[in-house]
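Chains as they are written, first to last, in the UniProt record's numbering: chain H, 1 to 227; chain A, 1 to 219. Since the structure comes first, as structure tokens, the remarks are kept for the end.
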């Protein structure tokens, strides 16, 4: 029956699109994945997200939900009886998880992105330093949030794991391009271990693109036109 | 044991106003501490080391930062009175979407209006009007953004309304002429005690703008 159908409009390379897909996998909810063609926007996307015209969009029973972290919370709340909760139950811990997810989107990821777009060694160095500062903060946040457990959310992958972990593919691509590791056992021991466990989680593995494929794609989209 | 609730805030911050309104809606007694953003206090730097910004809610010694996160925290911690977010997952997602839209689309253009001049200011005004029209269209004929009850999206936006007088005078336009339904909504919100108590007088803000620009080093 159409009324319960779940669709996700997205693209395989987008870390933001990975977020709802991981969430749906965690809740064992099957969905139809509608891939957008790179460089163009489908009628359905424009109709479902007229305000931002961006992916991901979750369509549940014909009703669209937009903005990746908002979609993750929606999935958690809608299929609340299926699988563990993606956010802590305590309001303070929830506020902390939301704080770091916002930090990642507003500060950390933009600085990561700008490494790939940096011109010249000086600029690259400066941006790398910024990213590492942020990653050091997240290493501490992980220790505080996880309280000795494998994930930010404790025993199981949750909202903040998804908010941060979705960028691991692009992080690896950036590290290769910059010739510099941001996440490693020496600098960020806890996050290194977390990253491995996150990527191996059955809800994550099917949707995390492999680094080589992503690197090829990055070359294409960041290619500078011939002088 | 009584709760200790402190709010680090700045009188004309539309983000700080969100926290004030939420606390008032829940009838929570709190210690309002005005901050000097040009000479940040030890407590602000300690409680929000990452951003060093207001508002910061300190509940029994533990800080909560980022205004919308503070509002949601208040709603979850004191669930009894005046629910600010719906219990329905779809309605909640819609409310969060529009609050996020406000955060993404309003500060940029409005800053160009009050801090910019000439072409920059004009561009800010044009963009702001478009954003207002989108919000007005979303409001439609509802009493509040969420329907019949005052809630999350109303709280997210109403603080900006205290700056309307400043925007209108600086960029020479009438928001009521562009978006009458939005002004009617703002008037309804201002009738609520929580909002009336939390918003500064618009004229006071308008008068303060030159001083604010001076302190920020803007011509």
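Idealized CB from N, CA, C, for every residue including glycine. All of these numbers come straight from a predicted model, not from anything done at the bench.
Rounded straight-line distance, which links the Cα of residue j to that of residue i
{"i": "residue 92/A", "j": "residue 84/A", "result": "10 Å"}
{"i": "residue 183/A", "j": "residue 190/A", "result": "10 Å"}
{"i": "residue 72/H", "j": "residue 16/H", "result": "10 Å"}
{"i": "residue 111/H", "j": "residue 2/A", "result": "43 Å"}
{"i": "residue 72/A", "j": "residue 113/H", "result": "30 Å"}
{"i": "residue 88/H", "j": "residue 151/H", "result": "12 Å"}
{"i": "residue 172/H", "j": "residue 211/A", "result": "47 Å"}
{"i": "residue 37/A", "j": "residue 8/A", "result": "11 Å"}
{"i": "residue 77/H", "j": "residue 106/H", "result": "24 Å"}
{"i": "residue 153/H", "j": "residue 18/H", "result": "18 Å"}
{"i": "residue 129/A", "j": "residue 41/H", "result": "26 Å"}
{"i": "residue 219/H", "j": "residue 187/H", "result": "28 Å"}
{"i": "residue 35/A", "j": "residue 155/A", "result": "21 Å"}
{"i": "residue 190/H", "j": "residue 211/H", "result": "21 Å"}
{"i": "residue 61/A", "j": "residue 197/A", "result": "25 Å"}
{"i": "residue 227/H", "j": "residue 121/H", "result": "Residue confidence for residue 227/H is low, a pLDDT of 47 falling below 50, so the modelled location carries little weight; the figure read from the coordinates is stated next. Cα to Cα, residue 227/H sits roughly 20 Å from residue 121/H."}
{"i": "residue 65/A", "j": "residue 102/H", "result": "11 Å"}
{"i": "residue 1/H", "j": "residue 117/A", "result": "The pLDDT assigned to residue 1/H is 43, lower than 50, so where the model puts this residue is not dependable; a value taken from the coordinates is nonetheless given after this. Roughly 57 Å between the two C-alpha positions."}
{"i": "residue 177/A", "j": "residue 132/A", "result": "12 Å"}
{"i": "residue 107/A", "j": "residue 206/H", "result": "39 Å"}
{"i": "residue 199/H", "j": "residue 142/H", "result": "16 Å"}
{"i": "residue 175/A", "j": "residue 146/H", "result": "48 Å"}
{"i": "residue 156/H", "j": "residue 204/H", "result": "12 Å"}
{"i": "residue 216/A", "j": "residue 167/H", "result": "36 Å"}
{"i": "residue 79/H", "j": "residue 67/A", "result": "28 Å"}
{"i": "residue 31/H", "j": "residue 43/H", "result": "19 Å"}
{"i": "residue 53/A", "j": "residue 61/H", "result": "40 Å"}
{"i": "residue 59/H", "j": "residue 53/H", "result": "14 Å"}
{"i": "residue 184/H", "j": "residue 89/A", "result": "38 Å"}
{"i": "residue 91/H", "j": "residue 144/H", "result": "15 Å"}
Three-way DSSP call (helix, strand, coil) for residue i in this model
{"i": "residue 65/A", "result": "strand"}
{"i": "residue 189/A", "result": "helix"}
{"i": "residue 230/A", "result": "Since the displayed chain A opens at 1 and closes at 219, residue 230/A lies outside it and no answer follows."}
{"i": "residue 63/H", "result": "strand"}
{"i": "residue 167/H", "result": "coil"}
{"i": "residue 16/A", "result": "helix"}
{"i": "residue 32/A", "result": "strand"}
{"i": "residue 131/H", "result": "helix"}
{"i": "residue 113/A", "result": "helix"}
{"i": "residue 33/H", "result": "strand"}
{"i": "residue 54/A", "result": "coil"}
{"i": "residue 2/H", "result": "Low local confidence applies: a pLDDT of 48 at residue 2/H is under 50, so the model's placement there is unreliable, and no value is given."}
{"i": "residue 84/A", "result": "coil"}
{"i": "residue 7/A", "result": "strand"}
{"i": "residue 75/H", "result": "helix"}
{"i": "residue 58/H", "result": "strand"}
{"i": "residue 160/A", "result": "helix"}
{"i": "residue 70/A", "result": "helix"}
{"i": "residue 10/H", "result": "strand"}
Given residue i as reference, the closest of the options once Cα atoms are compared
{"i": "residue 124/H", "options": "98/H, 41/H and 175/H", "result": "175/H"}
{"i": "residue 115/A", "options": "218/A, 3/A, 33/A and 2/A", "result": "218/A"}
{"i": "residue 167/A", "options": "206/A, 70/A, 41/A and 47/A", "result": "206/A"}
{"i": "residue 216/H", "options": "190/H, 195/H, 177/H and 204/H", "result": "177/H"}
{"i": "residue 25/A", "options": "176/A, 149/A, 202/A and 204/A", "result": "149/A"}
{"i": "residue 222/H", "options": "198/H, 133/H, 115/H and 92/H", "result": "115/H"}
{"i": "residue 101/A", "options": "32/A, 136/A and 28/A", "result": "136/A"}
{"i": "residue 165/A", "options": "145/A, 209/A, 181/A and 141/A", "result": "209/A"}
{"i": "residue 143/A", "options": "187/A, 104/A and 171/A", "result": "187/A"}
{"i": "residue 181/A", "options": "199/A, 195/A, 216/A and 134/A", "result": "134/A"}
{"i": "residue 180/H", "options": "129/H, 60/H and 53/H", "result": "129/H"}
{"i": "residue 202/A", "options": "214/A, 82/A, 169/A and 87/A", "result": "169/A"}
Whole-number beta carbon distance between residue j and residue i, since they are thought to touch under 8 Å
{"i": "residue 228/H", "j": "residue 36/H", "result": "The shown model of chain H, from 1 to 227, leaves out residue 228/H, and the question about it has no answer."}
{"i": "residue 169/H", "j": "residue 208/H", "result": "6 Å"}
{"i": "residue 182/H", "j": "residue 131/H", "result": "6 Å"}
{"i": "residue 195/H", "j": "residue 69/H", "result": "Not quite, the Cβ-Cβ distance comes to about 19 Å (not below 8 Å), so this is no contact."}
{"i": "residue 5/A", "j": "residue 59/A", "result": "6 Å"}
{"i": "residue 8/H", "j": "residue 34/H", "result": "7 Å"}
{"i": "residue 226/A", "j": "residue 185/A", "result": "An answer regarding residue 226/A cannot be provided, because it is not within the stretch 1 to 219 covered by chain A."}
{"i": "residue 75/H", "j": "residue 66/H", "result": "That pair is no contact at about 13 Å."}
{"i": "residue 147/A", "j": "residue 95/A", "result": "Their Cβ separation, rounded to whole angstroms, is 10 Å, which puts residue 147/A and residue 95/A out of contact at 8 Å."}
{"i": "residue 69/A", "j": "residue 23/A", "result": "About 14 Å separates the two Cβ atoms, so there is no contact after all."}
{"i": "residue 78/A", "j": "residue 153/A", "result": "Not a contact, Cβ separation roughly 19 Å."}
{"i": "residue 21/A", "j": "residue 195/A", "result": "6 Å"}
{"i": "residue 200/A", "j": "residue 12/A", "result": "6 Å"}
{"i": "residue 63/A", "j": "residue 48/A", "result": "6 Å"}
{"i": "residue 160/H", "j": "residue 100/H", "result": "6 Å"}
Open item on the list: Is it the case that the stretch 80-92 of chain H contacts the stretch 25-40 of chain H, given that we only count it when at least three CB pairs across the two stretches are under 8 Å?
Closed with: yes
Task: Three-pair Cβ contact test at 8 Å for the stretch 93-109 of chain H versus the stretch 121-138 of chain A - done: Between the stretch 93-109 of chain H and the stretch 121-138 of chain A, the count of C-beta pairs closer than 8 Å stays below three; the two stretches do not touch.
- [ ] Pair every Cβ in the stretch 124-142 of chain H with every Cβ in the stretch 44-61 of chain H, then say whether three or more of these pairs are closer than 8 Å.
- [x] no
TODO: Examine the Cβ distances between the stretch 156-176 of chain A and the stretch 4-20 of chain A and report whether three or more of them are shorter than 8 Å.
DONE: yes
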